[in-house]
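Here the structure is laid out as structure tokens; the discussion comes afterwards.
What follows is the structure, given as structure tokens:
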């Protein structure tokens with residue numbers, strides 16, 4: 001039969017990335033397309049040990065219903081750590097979510113609807129964009145520069161668009177560009193939020209994965225009047241499969257998000273929350289972070305070095321200071337490079353269009369991820385992309 | 001600051017049950033108010049064994065990102081089982097969700113919005129009602145009889161209400177009433193769905209927990225044109241804390257729900273899905289179900305026997321043929337019985353108002369759960385409720 005979906009649901013397309021992801025894991029394909037932690041990044045033995053302990057000592061608590069707010073000891077631990085970083089003030093509370101993705105869903109559903117506008121970076125994380133579109137709000141991308149959003153274009157949008165309720169940013173090692181927003185721009189964003197009266201969603205899944213020094217202060221740390229909703233995640237520092245993230249925001253926001261979360265999933269898998277809590281408190285978490293930072297710094301250096309050899313100078317790319325991604329720009333005439341890379345060279349990258357609110361014409365960018373492929377795959381993959389570049393150069 | 005929530009989010013109140021639940025677990029309070037599986041119902045050792053195996057043999061798969069649709073072997077196993085019960089036809093697919101709650105959220109968000117109507121049983125499960133209200137649709141409760149919805153009132157509502165898109169029912173051992181919808185009425189509901197062109201959400205978390213014979217055929221088994229969305233759950237047969245449920249529906253619906261689920265949580269905790277899969281396939285699942293049926297049948301018989309001794313005849317109650325709940329009706333003049341039970345007798349039951357779409361005036365019902373309290377608590381709790389009843393009778 002013909003189903004009549006709501007206009008918002010009708011317009012929603014499955015994430016192109018997740019569809020490409022399915023292809024990327026076909027045998028023989030080199031996966032620069034994923035956003036997965038490296039296989040060697042998982043503290044698998046620690047998780048096995050922790051889980052065995054939990055199921056031996058408190059099996060019923062780990063399997064029974066729990067409260068929507070989240071596992072109390074985990075919330076307390078995260079709040080202590082947040083306060084130590086000035087990431088939470090006295091009115092702020094924590095809600096544990098099913099990954100940071102759920103923060104985008106809850107915050108946008110609570111605060112924006114038809115007739116409202118949500119601004120985001122262009123390009124941006126497609127999972128967030130889709131959550132925003134589903135609210136019925138108009139979603140508008142604002143172009144990026146090397147140090148974050150183009151502030152002139154942002155102010156243009158703020159003057160032009162109606163009922164701007166939210167600005168969504170990933171200030172650290174952004175997905176997909178790898179760009180870090182400068183401290184100056186972070187302060188400017190918060191100033192603009194006060195001036196134009198909107199809230200900021202600060203999505204920070206990669207902040208701990210810096211290669212050299214820590215990134216500038218979180219926008220949330222500037223927040224004195226409850227305008228910033230901070231989303232954290234265990235996905236990149238422990239495990240994405242466990243689906244544990246968290247939200248730090250004013251208690252009135254957290255109360256509303258909690259009521260909304262009840263309608264989505266009642267509460268986050270409690271065993272996973274207990275695992276995250278033990279991992280934070282009973283294991284050398286800082287050592288694990290240091291290990292991850294070194295691992296990804298090494299893989300990024302390898303990948304960007306090979307890109308320099310094989311892709312430059314025609315294909316340019318960002319040099320991220322952390323995280324999992326770099327963003328590549330193609331010269332004119334190479335528009336179908338990503339598609340041909342997959343078909344002819346068995347190398348999967350994500351075409352830039354997957355990260356646009358509105359299509360860019362022409363689309364000449366693509367995202368590469370350096371955490372998922374092995375070192376050998378990185379070397380071989382960049383070689384093959386270089387071959388394709390040369391073939392395409394000759395064909396012009 | 002003053003936050004401006006969307007009208008739907010503004011209207012959403014935290015679930016009264018979950019708030020009462022928090023009180024119920026205060027020391028000394030007898031919890032007839034929960035909906036939790038009995039502590040002895042958890043196959044804790046099996047889960048510990050399964051989990052250790054998974055984390056030993058396939059740790060990365062259990063911790064890495066996975067696909068939104070769900071763990072493929074689990075989906076296949078559930079589909080085979082569904083087909084064996086005529087619960088799925090050739091066009092039907094399965095989506096794994098974060099508990100059955102997420103099915104309500106996804107299905108209603110995809111199919112209903114402002115200007116639409118969702119019908120449900122009155123009283124009904126508050127988590128579903130809240131998910132429905134959040135879509136902006138008008139939610140209308142239709143009164144129940146001993147064998148399910150009052151069909152005359154349902155037809156009245158279908159003629160009266162505009163754009164009825166969905167009917168939500170819990171045909172087996174309904175929450176909160178314990179009522180089982182008769183086979184005749186199941187067929188009538190499906191006929192009406194075709195006649196008035198709406199879809200049915202069949203929520204079936206308790207169907208396996210029958211005390212004597214299996215309940216009548218699921219409405220989904222009558223479905224020839226893709227009108228029935230079936231929600232299943234591991235919450236009552238394995239563990240609610242793991243948050244694993246599933247949806248069986250036409251492939252076009254499943255595709256849309258999958259796209260929506262991406263925006264809520266990307267995918268369901270993959271380790272929990274693997275645990276559920278192993279529990280279904282490598283353990284004697286049927287024996288576990290037999291054990292649970294006996295356990296709950298015994299607890300129900302104990303509870304209703306004590307209710308007969310202490311609450312009858314003034315307070316009447318349903319006699320469920322399965323599940324976790326019975327529904328009690330108070331005579332005139334006892335309206336504050338649930339509140340006084342908690343305050344004066346330390347016995348927590350859930351006032352009927354928690355299950356209403358619109359308040360019933362006067363509200364003279366309450367729900368009792370017989371799975372959470374121990375046998376001793378059931379005996380003591382009913383005694384105390386009987387004392388309160390006698391005190392209130394004297395006071396009239």
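Residue numbers (my numbering), protein chains in the order written: chain E, 1 to 396; chain V, 1 to 396.
Idealized CB from N, CA, C, for every residue including glycine.
Keep in mind the model is a prediction, meaning the values are calculated, not measured.
Per DSSP, what kind of secondary structure is residue i in: helix, strand or coil?
{"i": "residue 38(V)", "result": "coil"}
{"i": "residue 97(V)", "result": "strand"}
{"i": "residue 92(V)", "result": "strand"}
{"i": "residue 315(V)", "result": "coil"}
{"i": "residue 156(V)", "result": "helix"}
{"i": "residue 197(E)", "result": "coil"}
{"i": "residue 366(V)", "result": "strand"}
{"i": "residue 395(E)", "result": "helix"}
{"i": "residue 190(V)", "result": "helix"}
{"i": "residue 228(E)", "result": "strand"}
{"i": "residue 386(V)", "result": "helix"}
{"i": "residue 179(E)", "result": "coil"}
{"i": "residue 121(V)", "result": "strand"}
{"i": "residue 407(V)", "result": "Given that chain V is displayed from residue 1 to residue 396, the structure contains no residue 407(V) and the question cannot be resolved."}
{"i": "residue 87(E)", "result": "coil"}
{"i": "residue 165(V)", "result": "strand"}
{"i": "residue 375(V)", "result": "helix"}
{"i": "residue 114(E)", "result": "coil"}
{"i": "residue 329(E)", "result": "strand"}
{"i": "residue 102(V)", "result": "helix"}
{"i": "residue 60(V)", "result": "helix"}
{"i": "residue 220(V)", "result": "helix"}
{"i": "residue 398(V)", "result": "Only positions 1 to 396 of chain V appear in this structure, which leaves residue 398(V) out of reach."}
{"i": "residue 23(V)", "result": "helix"}
{"i": "residue 239(E)", "result": "coil"}
Which residues does DSSP pair with residue i in a beta bridge?
{"i": "residue 380(E)", "result": "Residue 380(E) is not bridged to any residue."}
{"i": "residue 5(V)", "result": "Looking at the DSSP assignment, residue 5(V) forms no beta bridge with any residue, so it has no partner."}
{"i": "residue 233(E)", "result": "245(E)"}
{"i": "residue 30(E)", "result": "347(E)"}
{"i": "residue 210(V)", "result": "322(V)"}
{"i": "residue 203(E)", "result": "231(E)"}
{"i": "residue 148(V)", "result": "145(V)"}
{"i": "residue 75(E)", "result": "Answer by DSSP bridge pairing: none, since residue 75(E) is not bridged."}
{"i": "residue 140(E)", "result": "119(E)"}
What residue does the alpha helix (DSSP H) around residue i start on, and which one ends it?
{"i": "residue 127(V)", "result": "126-134"}
{"i": "residue 352(E)", "result": "Element bounds for residue 352(E): n/a, residue is neither H nor E."}
{"i": "residue 303(E)", "result": "285-310"}
{"i": "residue 47(E)", "result": "44-57"}
{"i": "residue 251(V)", "result": "251-265"}
{"i": "residue 344(E)", "result": "337-345"}
{"i": "residue 276(E)", "result": "270-282"}
Can you tell me which of the options puts its alpha carbon nearest to the alpha carbon of residue i?
{"i": "residue 133(E)", "options": "368(E), 230(E), 115(E) and 50(E)", "result": "115(E)"}
{"i": "residue 397(V)", "options": "362(V), 355(V) and 359(V)", "result": "Summary: the structure shown does not reach residue 397(V), with chain V confined to residues 1 through 396, and so no result is reported for it."}
{"i": "residue 13(V)", "options": "50(E), 252(E), 2(E) and 271(E)", "result": "252(E)"}
{"i": "residue 199(V)", "options": "273(V), 141(V), 118(V) and 126(V)", "result": "118(V)"}
{"i": "residue 201(V)", "options": "228(V), 266(V) and 179(V)", "result": "228(V)"}
{"i": "residue 174(V)", "options": "190(V), 147(V) and 184(V)", "result": "147(V)"}
{"i": "residue 185(V)", "options": "176(V), 290(V), 216(V) and 158(V)", "result": "216(V)"}
{"i": "residue 39(V)", "options": "60(E), 55(E) and 48(E)", "result": "60(E)"}
{"i": "residue 238(V)", "options": "225(V), 380(V) and 291(V)", "result": "291(V)"}
{"i": "residue 137(E)", "options": "361(E), 163(E), 127(E) and 143(E)", "result": "163(E)"}
{"i": "residue 351(V)", "options": "329(V), 283(V) and 127(V)", "result": "329(V)"}
{"i": "residue 280(E)", "options": "47(E), 37(E) and 10(E)", "result": "47(E)"}
{"i": "residue 167(V)", "options": "72(V), 145(V) and 120(V)", "result": "120(V)"}
{"i": "residue 321(V)", "options": "209(V), 257(V) and 74(V)", "result": "209(V)"}
{"i": "residue 278(V)", "options": "78(V), 22(V), 341(V) and 25(V)", "result": "78(V)"}
{"i": "residue 243(E)", "options": "197(E), 224(E) and 271(E)", "result": "271(E)"}
{"i": "residue 289(E)", "options": "379(E), 207(E) and 182(E)", "result": "207(E)"}
{"i": "residue 357(E)", "options": "101(E), 125(E) and 319(E)", "result": "125(E)"}
I want to verify the contact list: residues of chain C whose CB lies under 8 Å from the CB of residue i, in sequence order.
{"i": "residue 99(E)", "result": "Here the protein chains are E and V, and chain C is not one of them."}
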